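Below is one structure, written out as structure tokens; the observations come after it.
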Amino acid sequence: MSLLLRLTLFSCLWLLSTAHAAPPPQTVHDNPLEGLEDGDTETAPRFKRLQLRERPLQVKLSADGKVLRLSGSISTGAADKVANVLANAPQLRVVRLQSPGGLLGEAIRINQLLKARQVDIWVPSSCASACTIIFAAGKERYMAPKAEFGFHHHLNSSGKTDAEDDQQVREQLKAAGIPDVLLDGQFATPFDAMWLPTVRQLTRSDYVTDVVSRPPAGLASLPVLEPDEVNDLLEQDDEIRLLRKALPQLYETHLPLIQKAAAENDTLVPVWRAIQEFIYQGTQRILPYASDEAILARAARTKVVARAQMSLLEGYCPIFGVPAPNKQYSGDDTEDVRWLVNTLQHLRPEPVLTGLRAQILLEQTNEAAEAAGKVNLRLLKAGRRTEPGADNRPYCQALLDLYDWYDTLPLAQRVTVTRALLLD
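Under mature numbering (1 follows the signal peptide of the UniProt record, and there is no 0), read the sequence shown as residues -21 to -1, 1 to 403, first letter to last.
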């Protein structure tokens, strides 16, 4: 298609799109990070935020006293909560466990409390980081077929890993019931990554005693997340709260989809996908209104995360849609929240470079980059391969090369094409 024809088509589509345009994002003056770097100098800002952003551990006993539900972050006081409930639960038989992790000491104490009661433990969806210590306490340890366990090196309260205490911590975790083969993988995985052992690895090590399609008695009717857990999950996430204030109509559209994913699935994966879709759509809605400085900052942050992921995940880049097998990235997202805070405080009154115009400019710039021998445009156009076993890691480097080449352009052109790339 000729450039003239594309521009003519663009002008027609622009008039049609603006007639039914979505409402612009609202300026938001809110900073969830404010105050995190003040006060206790012994605790790193990242560590404090990890504790604050997650829903505190919920400890719920069923009406008949036979089922205990543990869900949420293992924060300060979690073990006391569990101890108080156990004191009034003589008939307890099984624990339903679901947690992103939390404090090592609290998890070890909960492990000891549950071991003493000789209860079975079942994970329906996900159990990561310190949660894996609690799971090890079960007399019988069940997982659903699609459940995931995540292991990584622990982080101390100063926000660092400390080789000096590794041996002591390893001994504590082994005493808690985590096999050596899993501890080897755990201590070899940096905190910013998450190792997801296969079902075979989990069962052969005897960490999981059985994979059950149907949950133990008394648990079959429970959804993967209760409605109040969904609401708390959304309320605790800084990006979601900011986007909800900026784009209330978009949030109201996506909220039922997130709630439906929680109610109708036996794993958290569809819930996370629904949440990430809202964050993605919200960010894409905001980018046309973002300042030039925000656009360049977004691109710089994208490159930093991509390089970190490729380093930790052996060349894979989830940020570009290329996830690693049996590994996840769990790096610090504080800078993403900081970017969103600053962007929402300095929105343009009118959108810049949206729709077909952005696509045309992106195409022209990429063709020039290929002609200069800077990028593999054929690889980028082919996209990510979908056949089983396909290795898409070269796509990661090709897209990163494109971002790097944009940084060499004159400032005005750099802003324009970077905005186009982010909107593509």
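Note that beta-carbon positions come from the ideal geometry of N, C-alpha and C, so glycine has one too.
Since the structure is predicted, the reported quantities are computational estimates derived from the model, not experimental observations.
Worksheet item: By a C-beta neighbour count over all protein chains shown, 10 Å radius and 16 as the cutoff for buried, is Tyr259 buried or exposed?
Response: Residue 259 sits at position 280 when you count from the first residue of the sequence shown. A residue is called buried once 16 or more other Cβ atoms fall within 10 Å of its Cβ, and Tyr259, having fewer, is exposed.
Discussion item. I need the boundaries of the alpha helix (DSSP H) containing Cys110, first residue and last residue.
Written reply: As a first step, residue 110 is located in the sequence shown; it is residue number 131 there, counting from the start. Counted as a single uninterrupted DSSP element, the alpha helix (DSSP H) harbouring Cys110 occupies residues 110 to 114.
Worksheet item: Which residue's Cα is closest to the Cα of Gln263: Val7, Thr232, Leu226?
Response: Taking the first residue of the sequence shown as 1, we reach residue 263 at position 284. With distances taken between Cα atoms, Gln263 lies closest to Leu226.
Worksheet item: When DSSP labels each residue in this structure, what does Arg72 get in the three-state scheme?
Response: Within the sequence shown, the letter at position 93 stands for residue 72. Of the three classes helix, strand and coil, the one that applies to Arg72 here is coil, per DSSP.
Worksheet item: For Gly84, which three-state DSSP category applies?
Response: Residue 84 sits at position 105 when you count from the first residue of the sequence shown. Helix at Gly84.
Worksheet item: Can you give the Cα-Cα distance for Ser78 and Ser52, rounded to whole angstroms?
Response: On the sequence shown, position 99 is the one that residue 78 refers to. On the sequence shown, position 73 is the one that residue 52 refers to. Answer to the nearest angstrom: the Cα atoms are 6 angstroms apart.
Item to complete: Mind reading off the beta-carbon distance from Thr395 to Leu275? Whole number of angstroms is fine, and I expect it under 8 angstroms.
Response: On the sequence shown, residue 395 is found 416 positions in, with the first residue counted as 1. On the sequence shown, residue 275 is found 296 positions in, with the first residue counted as 1. The Cβ separation is near 11 angstroms, so there is no contact.
Worksheet entry | Expected contact under 8 angstroms - CB spacing of Gly310 and Ala278 to nearest Å | Here residue 310 is taken as the residue at index 331 of the sequence shown, counted from 1. Here residue 278 is taken as the residue at index 299 of the sequence shown, counted from 1. By a beta-carbon distance limit of 8 angstroms, Gly310 does not contact Ala278. Their separation comes to about 17 angstroms.
Item to complete: Quick one: residues in its chain with C-beta nearer than 8 angstroms to the C-beta of Val46, no 5 flanking neighbours on either side, listed in chain order?
Response: In the sequence shown, counting from the first residue as 1, residue 46 sits at position 67. The residues are Leu40, Leu71, Arg72, Val73, Val74, Arg75, Gly197, Leu198.
Fill in: Residue span of the beta strand (DSSP E) that contains Gln392, given as start and end
The residue labelled residue 392 in the question sits at position 413 within the sequence shown. Per DSSP, Gln392 is not a residue of any beta strand (DSSP E); the alpha helix (DSSP H) it occupies stretches across 390 to 402.
Worksheet entry | Assumed close pair Tyr295, Cys375 - CB separation to whole angstroms, cut-off 8 angstroms | Within the sequence shown, the letter at position 316 stands for residue 295. Within the sequence shown, the letter at position 396 stands for residue 375. Indeed, because the Cβ distance is near 7 angstroms, the residues count as touching under 8 angstroms.
Discussion item. Within a Cβ cutoff of 6 angstroms, which residues of the same chain sit near Ala285, ignoring the five residues on either side of it in sequence?
Written reply: Sequence index remark: in the sequence shown, residue 285 carries index 306 (1-based). Closer than 6 angstroms at Cβ, skipping near neighbours: Cys296, Ile298, Leu379.
Worksheet item: Given that a residue counts as buried once 16 or more other Cβ atoms are within 10 Å of its Cβ, and exposed if not, what is Thr365?
Response: Looking up residue 365 in the sequence shown gives position 386. Label assigned to Thr365: exposed.
Practice prompt. Classify Ser218 as buried or exposed, calling it buried when 16 or more other Cβ atoms lie within 10 Å of its own Cβ.
Written response: The residue you call residue 218 lines up with position 239 of the sequence shown. Rather than Ser, the amino acid found at residue 218 in this sequence is Glu. Glu218 is classed as buried because its beta carbon has at least 16 other beta carbons within 10 Å across all chains shown.
Discussion item. Applying the 10 Å Cβ sphere with the 16-neighbour rule, what's the burial state of Asp386?
Written reply: Here residue 386 is taken as the residue at index 407 of the sequence shown, counted from 1. Per the 10 Å Cβ criterion, exposed.
Worksheet item: Do we get a CB-CB distance below 8 angstroms when we pair Ile274 with the residues of chain B?
Response: In the structure shown, chain B cannot be found, because there is only a single protein chain.
Discussion item. Whole angstroms are fine: how far does the CA of Ala348 sit from the CA of Thr188?
Written reply: Residue numbering aside, residue 188 sits at position 209 when the sequence shown is read from its first letter. Residue numbering aside, residue 348 sits at position 369 when the sequence shown is read from its first letter. Whole-angstrom Cα-Cα distance: 55 angstroms.
Practice prompt. Would you tell me roughly how many angstroms separate the C-alpha atoms of Ser50 and Leu36, rounded to the nearest one?
Written response: For this step, residue 50 is matched to residue 71 along the sequence shown. For this step, residue 36 is matched to residue 57 along the sequence shown. Going by C-alpha positions, Ser50 is about 5 angstroms away from Leu36.
Practice prompt. Could you check which residue in Gly129, Lys282, Gln343, Ala337 has the C-alpha nearest to that of Glu314?
Written response: Translated into the one-based positions of the sequence shown, residue 314 becomes position 335. Selected option, being the one with the closest Cα: Lys282.
Fill in: Ser290: first and last residue of the uninterrupted alpha helix (DSSP H) it sits in
Taking the first residue of the sequence shown as 1, we reach residue 290 at position 311. Unbroken alpha helix (DSSP H) run through Ser290: 271 to 291.
Discussion item. Suppose you measure from the CA of Ala86 to the CA of Leu292; what does that come to, to the nearest Å?
Written reply: Here residue 86 refers to the residue found at position 107 of the sequence shown. Here residue 292 refers to the residue found at position 313 of the sequence shown. Cα-Cα distance, rounded: 27 angstroms.
Worksheet entry | Own chain, CB closer than 6 angstroms to Gln322, minus 5 neighbours either side, in chain order | To locate residue 322, count along the sequence shown from 1; it is residue 343. Note that residue 322 is Thr in the sequence shown here, rather than Gln. Excluding sequence neighbours, Thr322 sits near Ala269, Ala273.
Practice prompt. Return helix, strand or coil for Arg193, following the three-state DSSP convention.
Written response: Within the sequence shown, numbered from 1, the residue matching residue 193 stands at position 214. Secondary structure of Arg193 (DSSP, three-state): coil.
Practice prompt. May I ask which residues mark the beginning and end of the alpha helix (DSSP H) holding Leu378?
Written response: Stepping through the sequence shown from its first residue, residue 378 is reached at position 399. 372 to 385 is the span of the alpha helix (DSSP H), which, as asked, contains Leu378.
Practice prompt. Could you give the DSSP three-state label for Ala303: helix, strand or coil?
Written response: If you number the sequence shown from 1, residue 303 lands on position 324. If DSSP states are grouped into helix, strand and coil, Ala303 belongs with coil.
Fill in: First through last residue of the beta strand (DSSP E) which encompasses Leu229
Sequence index remark: in the sequence shown, residue 229 carries index 250 (1-based). It is not in any beta strand (DSSP E) - Leu229 instead sits in the alpha helix (DSSP H) that spans 227 to 243.
Discussion item. Can you look up Phe(-12) in the DSSP assignment and give me helix, strand or coil?
Written reply: Along the sequence shown, read from residue 1 onward, the residue named residue -12 stands at position 10. Residue placement at Phe(-12) cannot be trusted, given a pLDDT of 38 that sits under 50; the coordinates are not used to answer.
Worksheet item: Tell me, which residues are paired with Val102 by DSSP?
Response: Reading the sequence shown from its first residue, position 123 is the one you call residue 102. Paired residue(s): Met122.
Worksheet item: In terms of alpha-carbon separation, which member of Leu83, Val148, Ala42, Arg96 lies closest to Ala62?
Response: Position 83 of the sequence shown, counting from 1, holds the residue named residue 62. For the residues Leu83, Val148, Ala42, Arg96, the minimum Cα distance to Ala62 belongs to Arg96.
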